[in-house]
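Numbers given in our numbering equal positions in the sequence shown, counted from 1, plus 35.
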Amino acid sequence: MTSPTLPTASAPDTARLLLGVLLPTIVKGPIIRRPWAVGLAARLDLDTRAVGIVRSIHAKHPAGPLMLKLPIRRQAIVLAPEDANTVLARSPEPFTPASSEKRAALSHFQPANVLITRGPLRTVRRALQEQVLDTDHPVHHLADRFVPVVEEEMLELLAGAVRSGSLPWDDFLDAWYRVVRRVVFGDHARDDKDLTAMVIRLRKDGNWAFLKPVRTKTRRRFLARITEELANAEPGSLAAVMAAAPKGDGAEPADQVPQWLFAFDPAGMATFRALTVLATHPEAMAAARREVDGDTSGRRVLPYLRAAILESLRLWPTTPMILRQTTQPVQWERGLMPADCGVLVYAPYFHRDERSLRSAHSFSPERWLTEEDDGWPLVPFSDGPVVCPGKQLVLLVTSAALAALVAGHDFRVEEGQALDPERPLPGTMDNYSVRLGVSGRS
Ligand code: HEM
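Given below as structure tokens:
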């Protein structure tokens, strides 16, 4: 007996998903954000609307993934929380993260990266990433080197902000990129803005995925530059750990590095957003400072500040669309999902579900310190075997940055969105338009 295929959304519902959910995310820039599009999304509240669209379609199809009605492409969306968990738990087989559009986008700058690799080579590349990033350890073995780098750069940033009286996003980003270059390549790369510019250029191409030809010469130059960095790696950098790590056949170390440079961007965004929320939420700021003032771990273990970053990423996930593709037909209770079918887990739908989460639209880091949401797909770093292998490193670096920022300074929002603890937080947070006022801690 042949299994029925999964239910399919109507043509109007498919159009609503394409125009109201996928399009805004794509226009905002999946690989590097376009600040004007983020601003527009914030003004039109597009992310809240997108969640509303998914919710109304889920109400019509409560059980099982839903196929979209598309002429050429097989594409499904996952609507039930348990199905989202299943897809992530059963990755990379039969749900590979190396989906066609992700391969097209990331090939612009890291064609052999683990995230777009299938089959046995993925195992080799994933093992290398996990080893270098210390995936299973909350405190990276180079924390003694990374934490002071973060503190130094944040204190320099603050000194400039106090002099000028304010801290706009662009200044924060400059300092953040210095942190990233020092962590990834070492102190010699601190001011190598050309390197960052090269990644940014290739990432901008990545936003266009299939629609833009790969700049093979620039990509070759970029990867050659990384190979050179790995060959002369500075002790105390991630590059040095990578250079010394045992590697299986086909590991392609140089192709694993761009993901670090690229993915530290959302970490900076999450930090600045969390700082902006703390500036407007006195109770959360007080809790953050209690932790920082009483810290005896040298800023390596800051559970509340780590939770504040996770909460910033829950409210405003930097990877809102987790994409998978089936490597073979997959049987669900409601029917068969064909092979080569794109599968979308739209994280904001789960992250902002006030029917299931306490304070879904408020800043509540405490949720990450208890088991209250266990089993619910709060997945800013994805989950399962493909979970972001840099998660712990990100939490270490970002919480250390927040600690350095709030320990001795007060912040107030001078420009940007109103974030009121008494009101639901907006669906989109436009970090680009934020300017914080800075003064010594009162
Ligand atoms: C706030 C910052 C970050 C967030 C929210 C984040 C989130 C994610 C997510 C959601 C995925 C899975 C994508 C998918 O399933 O399709 C992923 C994969 C990955 N991330 Fe991160 N990431 C961050 C920063 C980093 C950093 C800084 C590094 C490295 C230093 C890193 C390394 C990786 C790698 C290597 C993968 C591919 C894993 C695989 O394919 O098995 N990430 N990240």
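Every residue gets a Cβ at the ideal spot worked out from N, C-alpha and C, and that includes glycine.
Asked                                                                                                                                                  : Found
Quick one: what does DSSP say GLU287 is sitting in, helix, strand or coil?                                                                             : coil
Can you determine whether any heavy atom of the ligand HEM sits closer than 6 Å to the C-beta of PHE416, and answer yes or no?                         : yes
Let me check understanding here. Comparing Cα to Cα, which of ALA147, ALA321, GLY303 and PRO132 lies closest to GLY285?                                : ALA147
I need the straight-line Cα distance from PHE297 to PHE144, nearest angstrom please.                                                                   : 10 Å
Can at least three beta-carbon pairs, one atom from the stretch 426–437 and one from the stretch 296–314, be found at a separation below 8 Å?          : yes
Looking only at its own chain, which residues have a Cβ that is under 8 Å from the Cβ of GLU368, when we skip the five neighbours before and after it? : ALA98 and GLY99
When the distance is taken between beta carbons, is LEU348 closer than 7 Å to THR305?                                                                  : Looking at the sequence itself, residue 305 is Ala, so the reference to Thr does not match. Closer than 7 Å, so yes.
Out of curiosity, what's the CA-to-CA distance linking MET36 and VAL380?                                                                               : Since pLDDT at MET36 reaches only 49, below the 50 mark, its modelled position is unreliable, and the value read off the structure follows with that caveat. When rounded, the distance between both Cα atoms is 30 Å.
Which of the three DSSP states is assigned to GLY79 in this structure?                                                                                 : Looking at the sequence provided, one finds Leu at residue 79 rather than Gly. If DSSP states are grouped into helix, strand and coil, LEU79 belongs with the helices.
For TYR381, which beta-bridge partners are listed by DSSP?                                                                                             : MET356
Determine the direct distance from the alpha carbon of VAL214 to that of PHE181, and round the result to whole angstroms.                              : 9 Å
Is it a yes or a no for the stretch 226–237 touching the stretch 106–126, going by three-plus beta-carbon pairs under 8 Å?                             : no
Buried or exposed: where does GLN366 fall if 16 or more other Cβ atoms within 10 Å of its Cβ makes it buried?                                          : exposed
Is the beta carbon of ARG334 less than 7 Å from the beta carbon of ALA435?                                                                             : yes
Look up GLN110 in the DSSP assignment and give the residues it is bridged to.                                                                          : GLY377
Rounding to the nearest angstrom, what Cα-Cα distance links PHE207 and VAL197 in this structure?                                                       : 13 Å
Please report the residue range of the alpha helix (DSSP H) in which GLU326 lies.                                                                      : 317–328
Taking 6 Å as the cut-off, is the beta-carbon of ILE299 closer than that to any non-hydrogen atom of the ligand HEM?                                   : The sequence given here has Phe at residue 299, not Ile. PHE299 Cβ: within cutoff of the ligand HEM.
When the distance is taken between beta carbons, is PRO412 closer than 7 Å to PRO116?                                                                  : yes
Just to confirm the assignment, what range does the alpha helix (DSSP H) spanning GLY241 have?                                                         : 228–241
Counting only runs that start and end within the stretch 141–226, where is the alpha helix (DSSP H) found for 4 or more residues in a row?             : 155–168, 178–199 and 204–219
Indicate, with yes or no, if the ligand HEM has a heavy atom lying under 6 Å from the CB of PRO70.                                                     : no
Identify the continuous alpha helix (DSSP H) that holds SER347 and give its terminal residues.                                                         : 338–350
Do you know offhand how far ASP169's Cα is from PRO42's?                                                                                               : 42 Å
Should ILE107 go down as buried or exposed, given a rule of 16 or more other Cβ atoms within 10 Å for buried?                                          : exposed
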